[in-house]
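Data first, discussion second: the structure below is written as structure tokens.
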Amino acid sequence: MAGKELFYAAKSNLRIFQICIYLLILVAFFKGAENPCKTQTAAQTSFVSSSCSSSQTKSNSSKMSNQERTYIMVKPDGVERGLVGRILTRFEQKGYKLCSLQMMQPSKSLLEEHYKDLAKKPFFPGLIKYMSSAPVVGMVWAGKDAVKTGRKILGATNPLDSEPGTIRGDYCIDVSQNLCHGSDSVESAEREISLWFPAGVCDYQRKYDSFIYE
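Number 14 in the working numbering belongs to position 14 of the sequence shown; there are no gaps in the numbering.
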């Protein structure tokens, strides 16, 4: 009897040992299966984070490019003919943001500084006299490619070369009475804005830009 009892006791202990080994294998298996999931989740998180970061960078870059500024000035003939509103409307309808607007009678020194690149041209004295003959209206517009597109809206310097649909193509004939001035480069625009608006311009976030830009 003692031998049988020892046999059954040993057999029972072996069974318990086997169960413990089995449980340890199951625990190890589930831990191993859990780790790849964590690794994958981390990779996915990294990818999403990277994508969001890339998207944010692209968004910030896009916003910065949408803030390019240009200086547009309605000359004395445009003011005298009552075309200020029509000229302003072209830029508004295009989608550009108006940052500043001012009517003023410019001084000779201001005009000479503005047109200093033309100082040696034979028509310079006549240009200054013409620009001093009546008030002008200066405007600052901001938006994507504002300088380049702004000049397209105005049309060619010589109205006879301007396409129909442009401001000069629709409203004037002679180059000496071509209604408006537009900055010819981003650098020139910033210089002219500082010159004509030394106190600065209004910088604000327009709510409906999401309907204009991607």
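For every residue, glycine included, the Cβ atom is placed at its ideal position computed from N, Cα and C.
What does the alpha-carbon distance come out to for the pair T157 and R168?
Roughly 8 Å separates the two Cα atoms.
Leaving out five residues on either side along the sequence, give the residues of the same chain with a beta carbon under 6 Å from the beta carbon of C99.
V140, A142, V201 and C202, listed in sequence order.
Assuming K144 and Y213 are in contact, meaning their beta carbons sit under 8 Å apart, how far apart are those beta carbons, in whole angstroms?
Yes, K144 and Y213 are in contact; Cβ-Cβ is about 7 Å, under 8 Å.
Within its chain, find whatever has a CB closer than 7 Å to the CB of E163; leave out the 5 residues flanking it on each side and keep chain order.
So the qualifying residues of the chain are G155 and G169.
Can you list, in chain order, the residues of its chain with a C-beta nearer than 7 Å to that of Y208? Leave out the 5 residues immediately preceding and following it.
Closer than 7 Å at Cβ, skipping near neighbours: no residue.
With a threshold of 16 other CB atoms inside 10 Å of the CB of M104, please say whether the residue is buried or exposed.
Counting Cβ neighbours within 10 Å, M104 comes out exposed, since fewer than 16 surround it.
Here's the rule: buried if 16 or more other CB atoms are within 10 angstroms of the residue's CB, otherwise exposed. What is K116?
So K116 ends up on the exposed side.
K121 by DSSP, collapsed to three states: which one?
Coil at K121, not helix or strand.
In whole angstroms, what is the alpha-carbon distance linking Y96 and N178?
Approximately 22 Å between the Cα atoms of the pair.
Determine the direct distance from the alpha carbon of P135 to that of L83, and round the result to whole angstroms.
Going by the C-alpha atoms only, they are around 13 Å apart.
May I have the straight-line CA-CA distance separating R69 from V147, to the nearest angstrom?
Roughly 7 Å between the two C-alpha positions.
Could you tell me the distance, in whole angstroms, from the CA atom of P159 to the CA atom of S176?
Distance between the alpha carbons of P159 and S176: 9 Å.
At 3 residues or longer, and completely inside the stretch 84-140: list those beta strand (DSSP E) runs for me, N to C.
You should have 97-104.
From the DSSP output, in three-state form, read off G182 for me.
G182 falls in the strand class under three-state DSSP.
Taking just the CA atoms, how far does V137 sit from E112?
Those two C-alpha atoms are separated by around 17 Å.
What residues are listed by DSSP as bridge partners for I212?
BP columns for I212 are empty, so no partner.
State the DSSP-derived secondary structure class of V201, mapped to helix, strand or coil.
DSSP places V201 in coil when its eight states are reduced to three.
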